[in-house]
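Asks: Residue numbers (the UniProt record's numbering): 1 to 528.
Here a beta-carbon is modelled for each residue, glycine too, at the ideal position from N, C-alpha and C.
#1: Are the segment 47-62 and the segment 86-97 in contact at 8 angstroms, needing three or more beta carbon pairs?
#2: Secondary structure at residue 458, three-state DSSP: helix, strand or coil?
#3: In three-state DSSP terms, what is residue 95?
#4: Is residue 529 near residue 443, with beta carbons less than 8 angstroms apart?
#5: How is residue 504 classed by DSSP in three states: helix, strand or coil?
#6: Classify residue 22 as helix, strand or coil using the three-state DSSP reduction.
#7: Which residue marks the beginning of the beta strand (DSSP E) containing residue 427, and which one marks its end?
#8: Is the segment 130-145 touching the segment 155-168, taking contact as three or more C-beta pairs under 8 angstroms?
#9: In the DSSP assignment, find the unbroken alpha helix (DSSP H) run with residue 128 in it and report its ends.
#10: Can you tell me whether residue 348 is buried or exposed? The criterion is at least 16 other CB atoms within 10 Å of its CB, across all chains shown.
#11: Please name the residue in 13, 495 and 336 whose C-alpha comes closest to that of residue 428.
#12: Only counting runs of 3 or more residues, tell me where the beta strand (DSSP E) segments fall wholly within the segment 44-112, in order along the chain.
#13: Would you check if the segment 174-189 and the segment 73-81 touch, i.e. whether three or more CB-CB distances between them fall below 8 angstroms?
#14: Over the uninterrupted beta strand (DSSP E) stretch that includes residue 173, give me the two end residues.
#15: With contact counted as at least three CB pairs below 8 angstroms, one residue from each stretch, are the segment 34-48 and the segment 59-78 in contact?
#16: On the CB-based measure, 16 or more other CB atoms within 10 Å of its CB, does residue 453 come out buried or exposed?
#17: What do you reckon, are the CB atoms on residue 481 and residue 467 nearer than 8 angstroms?
#18: Where are the alpha helix (DSSP H) runs, 4 residues long or more, that stay fully inside the segment 379-435, in chain order?
#19: With DSSP as the reference, label residue 10 as helix, strand or coil.
#20: Find out if the Cβ-Cβ distance for the pair residue 415, residue 402 is shorter than 8 angstroms.
#21: Determine the burial state of residue 41: buried for a count of at least 16 other Cβ atoms within 10 Å of its Cβ, exposed for fewer.
#22: Can you name the start and end residues of the beta strand (DSSP E) that residue 182 belongs to?
#23: Can you look up residue 372 in the DSSP assignment and give me helix, strand or coil?
#24: According to DSSP, is residue 270 helix, strand or coil?
#25: Does DSSP put residue 1 in a helix, in a strand, or in coil?
#26: Confirm, please, whether the CB-CB distance from residue 313 to residue 263 is below 8 angstroms.
#27: To the nearest angstrom, how far is the alpha carbon of residue 436 from that of residue 448?
#28: Select from 107, 129 and 424 the residue whose C-alpha is nearest the C-alpha of residue 121.
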C-alpha cells in the first residue's frame, strides 16, 4: 500500500471519516492506521467514567452532544459494545429508524423505550437537534431537561450532558496560546518512534518511484516549529473567522496540507474544499507588506539573489526536496511556516519580525486577565492599563470622530445645526463585575465598565480588539466594518444615555465654547 493511500484515511471523503458499527474491516492495514491515529480526549475519559458508574437502581440518560464532526460517533462506537449490558446506545439523533419517520419521532420512540427498560440510555446528538426536540418532541420530561441544560448548562442526576463545546480546543494563558488537541494529532501523525504512518513514509521515500513532493510535505509537517505555526493559524481562524474546530475538519485539513498537488506552505494558503482552508486564505503571509518583505520581493523578481538566500535554497533542495523556484510568494509562506526552526543558515529568520502577530498574544493576555481575575493588586494594575490605553482611548476617539477638537475625558453627545453638545464622563474598570462575571468561551471576554457609577458590559472578541487598536492609530471605520462597529455603537448609546442626564453640558460652535450647568432648578450659563 502506498503512502498516499495511507494518508487518505485523514480525508473527509474517506469511509473512515465517520465511525459506524460495521463488523467487516474495509482494509486491515487502513484499520490499523485509523486505530493508531485515534487520540483519547478529556471528554472521552469523563464519558467512560459515567458509563462505569451506571446502575439499574438509578437510571439516567447520558447525552453526548456537540457539532457535526467533533468525534461523537468515534467515542460512541468505541463503547457501545463494551457497555451494552448497562445502556442502550442511540448513536445519531439526526437519523430515523424508517424512511417514513423523522428524527424527532425516532427520538420519541427511543425515550419511550427507555422508560420501559431497566437500562440507561446514551444518545449522540447535535446541539441544534436538542433545540429542535425541545420544540417538537413528545417526552415532556426530556424536553424540560434539555431546555434547562441549554439555558443553564447544568446536568441533573437523571439527565447528564457532556458537550464538546465545554472542552475548548485552545488554551489561553498570560503568555500566549496553545492547543494540546492540535499538537497531539500532528505529533501522532509525524513522531519518529512507534509510528505506523512514518513506516509507510520511509518506504515511500526509499522507493525509486516514490512521490517526492508528498514526502517533502510530510518532512515539513514533522518540524515542531511548523506545527506551532499551524496552531497559530488555526487559532486565528477560530478567533477571527469563528471557525469551529473538530477532529474531522482538522484531519481533513492535514490531508489538504500534505496533498502532493503542491508544497505544504502553498497548500496551506490556497483555497480548497476544506472549510478551514477556505477561512485562512486571508491570513496568507505573502500578502504582508513591510520594507523588508518588499525589498525581498523586488530583488527576487529581478533575479538579484544574495549569497545567503542561495545557500538557504540550495540546502532546502538537497535536504528537504524543495525545488529552487522563482516564486517569491511561496518562499515568504515557507519563511513564515518555518518560524523559529533551525534550518541551514536560518535565512528565514530574517523575516520573523515581519510576520510578528502581537494581537494574538495581547488577546490571550487580556482574556486570561478577565477570566481568572481574583482582585489582586498586580492584576488590577494591568487591567487598568488595558482599559485606559485601549478600550477608553478607542471609545473616546470613536465617539468624538466628528468633533473638531475635544478635551480628554469629554464625549460628544449630539450635534444640531453646527452646535456640538458634549460633557465629561467618568469611566473606570468595574472590578467587582469583572471578578464575578460568568465564564466565557475563548472566542470572547466581557469588558465591564463603570460609567458615572453605573455598570455597563461590552463583549470583546479579537476583531473588536483589533478594530480598537486601529481606531487609536487613526483608522476611520466604514460600512465594511459594521459587524464589529455595531458593538461600539451600542456602547456609545449607553454613554450618551448616561451623559445626557448629567447636570453640566458644554456647547461648542465655530471655536466658541459655552457651558451650561443645572443647579437647584436654575441653569447657569458661562463662557458666552
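Replies: Here's the rundown:
#1: Yes, the segment 47-62 touches the segment 86-97.
#2: Within the chain shown, residue 458 is the residue found at index 458, counting from 1. Annotated three-state conformation of residue 458 is strand, per DSSP.
#3: One-based indexing of the chain shown puts residue 95 at position 95. For residue 95, the secondary structure class from DSSP, reduced to helix, strand or coil, is coil.
#4: Residue 529 cannot be examined here, being either before or after the span of the chain that is shown, 1 to 528.
#5: Locating residue 504 in the chain shown gives position 504, counting from the first residue. Taken through DSSP and simplified to helix, strand or coil, residue 504 comes out as strand.
#6: Your numbering for residue 22 matches position 22 in the chain shown. Caution applies to residue 22, whose pLDDT of 48 falls short of 50 and renders its modelled position unreliable; the value that the coordinates give is listed next. The answer is coil: DSSP assigns residue 22 none of H, G, I, E or B.
#7: Within the chain shown, residue 427 is the residue found at index 427, counting from 1. First-last of the beta strand (DSSP E) with residue 427: 427-429.
#8: These segments touch.
#9: Position 128 of the chain shown, counted from the start, is the residue given in the question as residue 128. Note, residue 128: alpha helix (DSSP H), 127-136.
#10: The residue given as residue 348 occupies position 348 in the chain shown. With 16 or more neighbouring CB atoms inside 10 Å of its own CB, residue 348 falls in the buried class.
#11: Here residue 428 refers to the residue found at position 428 when the chain shown is read from its first residue. When each option's Cα is compared against that of residue 428, the closest is 495.
#12: Fully enclosed beta strand (DSSP E) runs of no fewer than 3 residues occupy 61-66 and 87-90 of the segment 44-112, in order along the chain.
#13: Not touching, per the Cβ criterion.
#14: Reading the chain shown from its first residue, position 173 is the one you call residue 173. Annotation: the continuous beta strand (DSSP E) that includes residue 173 extends over 171-173.
#15: The segment 34-48 makes contact with the segment 59-78; the number of CB pairs closer than 8 angstroms reaches 3 or more.
#16: Your numbering for residue 453 matches position 453 in the chain shown. Exposed is the label assigned to residue 453, since fewer than 16 other Cβ atoms lie within 10 Å of its Cβ.
#17: Numbered from 1 along the chain shown, position 481 holds the residue referred to as residue 481. Numbered from 1 along the chain shown, position 467 holds the residue referred to as residue 467. Taking 8 angstroms as the Cβ cut-off, residue 481 and residue 467 qualify as a contacting pair.
#18: For the alpha helix (DSSP H) assignment, the uninterrupted runs of no fewer than 4 residues enclosed by the segment 379-435 are, from N- to C-terminal side, 393-399 and 431-435.
#19: Locating residue 10 in the chain shown gives position 10, where the first residue counts as 1. In the structure shown, residue 10 adopts helical secondary structure according to DSSP, grouped into three states.
#20: On the chain shown, position 415 is the one that residue 415 refers to. On the chain shown, position 402 is the one that residue 402 refers to. The Cβ atoms of residue 415 and residue 402 lie closer than 8 angstroms to each other.
#21: If you number the chain shown from 1, residue 41 lands on position 41. Residue 41 is buried by the Cβ-count criterion.
#22: Within the chain shown, numbered from 1, the residue matching residue 182 stands at position 182. Segment 180-190 is the alpha helix (DSSP H) holding residue 182; no beta strand (DSSP E) there.
#23: Here residue 372 is taken as the residue at index 372 of the chain shown, counted from 1. Residue state, collapsed to three classes: coil.
#24: The count along the chain shown starts at 1 and reaches residue 270 at position 270. DSSP, read as helix, strand or coil, puts residue 270 in coil.
#25: The residue given as residue 1 occupies position 1 in the chain shown. Three-state result, residue 1: coil.
#26: Walking along the chain shown from the start, residue 263 turns up at place 263. Walking along the chain shown from the start, residue 313 turns up at place 313. Their beta carbons are not under 8 angstroms apart, which means residue 263 does not touch residue 313 by this criterion.
#27: Residue mapping note: residue 436 aligns to position 436 of the chain shown, counting from 1. Residue mapping note: residue 448 aligns to position 448 of the chain shown, counting from 1. CA-to-CA, the gap between residue 436 and residue 448 works out to about 10 angstroms.
#28: Here residue 121 is taken as the residue at index 121 of the chain shown, counted from 1. Residue 121 has its Cα closest to that of 107, out of 107, 129 and 424.
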